[in-house]
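First the structure, in the form of structure tokens, and then the observations on it.
Protein chains: 2
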Amino acid sequence: MKKNQTFGTSNKSARRPSGATAGREATRLAKEQKILQAAEEVFAEVGFAGATTSAIACKAGLPKANVHYYFRTKEDLIHAVLENILTLWLDSADVIVETADPAEALSSYIRSKIEYSRDRPNASKVFASEILHGAPYLEGFLRNQLKDRVDFKTGVIKKWIERGLMDPVPPEHLFFLIWSATQTYADFDCQVAAVLGRRKKPKPEDFDQAAEFITNIVLKGCGIKSGK
Amino acid sequence: MKKNQTFGTSNKSARRPSGATAGREATRLAKEQKILQAAEEVFAEVGFAGATTSAIACKAGLPKANVHYYFRTKEDLIHAVLENILTLWLDSADVIVETADPAEALSSYIRSKIEYSRDRPNASKVFASEILHGAPYLEGFLRNQLKDRVDFKTGVIKKWIERGLMDPVPPEHLFFLIWSATQTYADFDCQVAAVLGRRKKPKPEDFDQAAEFITNIVLKGCGIKSGK
DNA sequence: GTCTATAGCGCGATAGAC
DNA sequence: GTCTATCGCGCTATAGAC
């Protein structure tokens, strides 16, 4: 049972030697995607330990053994799900560069994080659940890829501060606030729904209001001039 | 939560007639507390489904059957843990009343939420994990006790807004932001630690800096005059 | 490549000795 | 009240027929 491995090493499409036709390849990929999507839902609903491969197979419309054929173990499966998520996640944050206008960059970042919570709540929940429970598998990701990205972005914030574009806030904590404030609309959606008096999930306009509110409070709270 | 096969609402200290059993009573309560504490740790580490009663018993220093004697099922046990947590939680937020100074009340609230994250991270994690996974058991709590409290507090915020003490922000979303921004230092502590370059857990001064930053951004972001 | 049938194990819960 | 010993279930994972 190996834990602390790093990302980016396993490329699936390169490893099948047989003379498979393009059609079979497509079928295989389609099934893999079906399984991954079902797995994301099930892991989000009941967590890693609570998830059963048979529930995942059922939701994907396949027999259980098929799941184990494509992803040998349950651990392999959640790793694949997380890899999917993290790739999306990291790519969504490239608006924060030194030459950008701070108000526009942060607004855009917050807006896209909220949209992410609205459109892919399960992805957010799977990630949250793993982090919550100490996520030995994610340790490497957090301390390498994520830390590097954040170090770069905190550098941008510091430049903005030096140039007098915003107040001297601790940049890491600013990111913690933006991440948590936006992700809570996915991770804790049932709490949000309960407090707002929604039946089951928050409504689309709740997400809009959230984006507007978080943007306002961050911009004004950091002393950033709105717009340009 | 029921203890014995005896039915009904058994209050612990009220139902034993003889004073001679006080020593036994104390032993029983001590063991219950031991189990609850161990359960909180284990649930926080691996979630409800991942937790095993034998792991809890082991951490509490008791045989497994003893755990089942005090708390018949694993579900009874997590309900007891959550009840413990929720009581603490709700009581911590009574500083927000209309006659208070907004800056002082919100500062104090944020400070106590952060201290809570620092001192009882496991409690926060157990709650978060349940909410994350839809928490059917907590549905009632969220829609009744919590909603009532929040309705009352949003009323206070609205009064402050009417009196021109702060900007017109959507009060529910303000609470979502405060909750998420403070709880993230408990729930996602390993992410915070990784980004801040800490070895395992965030350091005490990280929590202090968090409290100061969140307070500043909330007060300034809501247009509240600091201090009085 | 796919699926049925099952091995093998660890779990929650309990019976019953003390 | 306490704990040992165990039962029965449901899980992950796989062997082996198609």
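Protein sequence lines correspond, in order, to chains A and B. Mind the numbering: the first sequence is residues 739 to 966 in the working numbering, read in order. Mind the numbering: the second sequence is residues 739 to 966 in the working numbering, read in order. Every residue gets a Cβ at the ideal spot worked out from N, C-alpha and C, and that includes glycine. If you're wondering where the values come from, they're calculated on a predicted model, not measured in any experiment.
- The C-beta of N954(A) has 16 or more other C-beta atoms within 10 Å across all chains shown, which makes the residue buried.
- If you draw a 10 Å sphere on the C-beta of G935(B), you find fewer than 16 other C-beta atoms in it, and that means exposed.
- Only buried fits S918(A), as 16 or more other CB atoms lie within 10 angstroms of its CB.
- Under the three-state reduction of DSSP, D944(A) is assigned to helix.
- Residues of the region 928-942 of chain B that bring their beta carbon within less than 7 angstroms of a beta carbon in chain A comprise C928, Q929, V930, A932, V933 and L934, in sequence order.
- In the DSSP annotation of this structure, the continuous segment of the alpha helix (DSSP H) that includes T920(B) starts and ends at P909 to D925.
- In the structure shown, T811(A) adopts coil according to DSSP, grouped into three states.
- At a Cβ-Cβ threshold of 7 angstroms, I852(A) and F945(A) count as neighbours.
- Contact with chain A is absent for L767(B), since none of that chain's Cβ atoms lies less than 7 angstroms from the residue's Cβ.
- In terms of beta-carbon proximity, A777(B) stays away from the interface with chain A, with every pair separated by 7 angstroms or more.
- Each residue's CA atom was taken as its position, placing A777(A) and D905(A) some 43 angstroms apart.
- Taking a cut-off of 8 angstroms on C-beta distances, the region 843-852 of chain B touches the region 918-928 of chain B, as three or more cross pairs fall below it.
- Under the 10 Å beta carbon count, G902(B) is surrounded by fewer than 16 other beta carbons and is classified as exposed.
- Restricting attention to alpha helix (DSSP H) runs no shorter than 4 residues, the region 823-892 of chain A encloses them at 840-857 and 859-870, ordered along the chain.
- Under the DSSP assignment, I794(A) falls in the alpha helix (DSSP H) whose first and last residues are T791 to A798.
- From the beta-carbon of L815(B), no residue of chain A is found nearer than 8 angstroms; the closest lies around 16 angstroms away.
- Contact between the region 819-836 of chain A and the region 874-888 of chain A is present: 3 or more CB-CB pairs across the two stretches fall below 8 angstroms.
- Remark: three or more beta-carbon pairs, one from each stretch, lie closer than 8 angstroms, so the region 773-793 of chain A and the region 860-874 of chain A are flagged as touching.
- The C-alpha of K897(B) is placed about 49 angstroms away from the C-alpha of H817(A).
- Secondary structure at I962(B): coil, using DSSP grouped into helix, strand and coil.
- The criterion of a C-beta distance shorter than 7 angstroms is satisfied by S862(A) and A924(A).
- Taking 7 angstroms as the threshold, the shortest C-beta distance from R810(B) to chain A does not fall below it.
- By alpha-carbon distance to K797(B), the top candidate from A949(B), R810(B), D814(B) and Q771(B) is Q771(B).
- In the DSSP annotation of this structure, K939(A) is not part of any alpha helix (DSSP H), being labelled neither H nor E.
- Residue-level contact check: E842(A) does not touch chain B, since none of the beta carbons of chain B fall below 7 angstroms from its beta carbon.
- Chain B has a Cβ within less than 7 angstroms of the Cβ of Q947(A).
- The three-state reading of DSSP puts R766(A) in helix, counting H, G and I together.
- Scanning P942(B), K891(B), V930(B) and R858(B) for the CA closest to the CA of D832(B) turns up K891(B).
- By the neighbour-count criterion, in which 16 or more other beta carbons inside 10 Å mark a residue as buried, D927(A) falls on the buried side.
- Residues of the region 786-799 of chain A with a C-beta less than 9 angstroms from any C-beta of chain B: F786, A787, G788 and A789, listed in chain order.
- Here the C-alpha atom of D839(A) lies approximately 42 angstroms from the C-alpha atom of D814(A).
- Annotated three-state conformation of L934(B) is helix, per DSSP.
- In the structure shown, G902(A) falls within a coil segment according to DSSP collapsed to helix, strand and coil.
- Interface criterion not met: the Cβ of E853(B) is under 7 angstroms from no Cβ in chain A.
- With a cutoff of 7 angstroms on beta-carbon distance, I962(B) and A841(B) are scored as near each other.
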